[in-house]
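Some notes on the structure that comes next.
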Amino acid sequence: MSEDPTSASPADSRKLLSLERHQRIMDYLKANRSVEVSQLSELLKVSEVTVRKDLERLERAGLLSRSHGGAILLERLLYEPSFAEKEDQWIDEKQAIAHAAASLITDGMTVAIMTGTTLSHTARLLMQRQRLNIVTNAVNIATELMHAAGVSVFLTGGNIRPNTLALVGEMAERSLEGIYVETAFIGVNGFSLEQGLTTPSIEEARVVKKVMENAQKIVVAVDHTKFNQVAFVRICTVEQIHTVITDRKTPATEIDKLRDKGITVIVT
24 MSEDPTSASP
34 ADSRKLLSLE
44 RHQRIMDYLK
54 ANRSVEVSQL
64 SELLKVSEVT
74 VRKDLERLER
84 AGLLSRSHGG
94 AILLERLLYE
104 PSFAEKEDQW
114 IDEKQAIAHA
124 AASLITDGMT
134 VAIMTGTTLS
144 HTARLLMQRQ
154 RLNIVTNAVN
164 IATELMHAAG
174 VSVFLTGGNI
184 RPNTLALVGE
194 MAERSLEGIY
204 VETAFIGVNG
214 FSLEQGLTTP
224 SIEEARVVKK
234 VMENAQKIVV
244 AVDHTKFNQV
254 AFVRICTVEQ
264 IHTVITDRKT
274 PATEIDKLRD
284 KGITVIVT
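Take any residue in the sequence shown, note its place counting from 1, add 23, and you have its number in our numbering.
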C-alpha cells in the first residue's frame, strides 16, 4: 500500500524523491547511453549539485560511470531483457529449480508467486493441487492457473509492465493490503550478499516488498547467473529471506555463506 504523503517524514519524502530521480536518470541513460549534468538538471528540475550527488550514488552502486560533465551507462545495464528473451535461457536449471519450489507447495496452502520465468515454470507444476490459494501480480501466472479446478487465484490490479508481465503501481500495492500468505516465492535480477536482492524497476520492488510484509516465509528462486549481480533497486537484504533455491552451477562459496547466515539453501 502506498504511504499517505501527509504522514511521511521529511526524510522519507526526500528519499522517495531521490529514488524517483535515480529511476529517471537510468531510464534516460538506457535510451541515450550518455547524458550531461546540465541536461539532467533541466530534465529533473533540480540543481547541478544535486544531479552530481545523484550520479555519485549511482556510480557507487555500479550502475553508471561518470564522465567529464556527465555520465555514461555501463553496457551490462543497457536494457532489461524481456520475458520472452529470458524464458528460454538456462531452461534446464530453471525447470529443476521450479520442481524444487513446487515441492514446497502442498494442498491447502496460501502462497504468493511473483513474476519471473523460473516461477512461471513453478506455476505450471501446480495444476493438480487442491484447495490451493495463489496470490500473484503476474498476468501469465494467473492465466496459467485460472483453469486449475483446485486452485483459487487472486490477481492484483495495477498497470502492466510488458517486459515482465507484472502488474505494478499504487493499485497493485493497495490490492495487497490485508492479504496474508504462508510463503512468498520471489524471483530477482540480482542476488548479492552485500547489496541484497535487486530488480531494475522501483515499481516492481515496491509490490514485492508489500507481499513480503505479510508473508510468514520468503523463498527466493534464483539461478546461478543472478549471483553477484546488482540491479537498480534493492528489494530486501539477504538476511530478510528464509530459503534460497538455486542450481548446481552456483559457486559453493556463495552457498556456504548463505548457510552460515542461517538461510536454507536447496541446490537442484
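Idealized CB from N, CA, C, for every residue including glycine.
Taken in chain order, the whole beta strand (DSSP E) runs of length 3 or more contained in the stretch 120 to 163 are 133 to 136, 155 to 159.
Looking only at H45, A244, S175, the smallest Cα-Cα distance to E116 is reached by A244. Taking 8 Å as the cut-off, the beta carbon of A207 is found no closer than this to the beta carbon of A228. Taken through DSSP and simplified to helix, strand or coil, V253 comes out as coil. A Cβ-Cβ contact shorter than 8 Å links K284 with V261.
For R89, the enclosing beta strand (DSSP E) stretches over residues 87 to 90. Rounded to whole angstroms, the separation of the alpha carbons of L63 and Y51 is 9 Å.
In the three-state reduction of the DSSP assignment, Q218 falls in the coil class.
One alpha carbon belongs to L96, the other to G181, and they sit about 30 Å apart.
In the assembly as shown, H170 is an exposed residue. Its beta-carbon has fewer than 16 other beta-carbons within 10 Å. Inclusion of L67 and V58 in the CB contact set at 8 Å is not warranted, their separation being larger than that value. For R229, the uninterrupted alpha helix (DSSP H) segment begins and ends at 225 to 236. For V74, there is no enclosing beta strand (DSSP E); the enclosing alpha helix (DSSP H) has its first and last residue at 71 to 83.
Secondary structure of R197 (DSSP, three-state): helix.
C-alpha of Q153 to C-alpha of Q46: approximately 42 Å in a straight line.
Excluding sequence positions up to five before and after H247, its CB lies within less than 6 Å of the CB of D270, K272, T273, all in the same chain and listed in chain order. Across the set K240, I278, A275, the C-alpha of K240 shows the shortest separation from the C-alpha of T133. Taking all protein chains shown into account, S61 has fewer than 16 neighbouring C-beta atoms within 10 Å of its C-beta and is therefore exposed.
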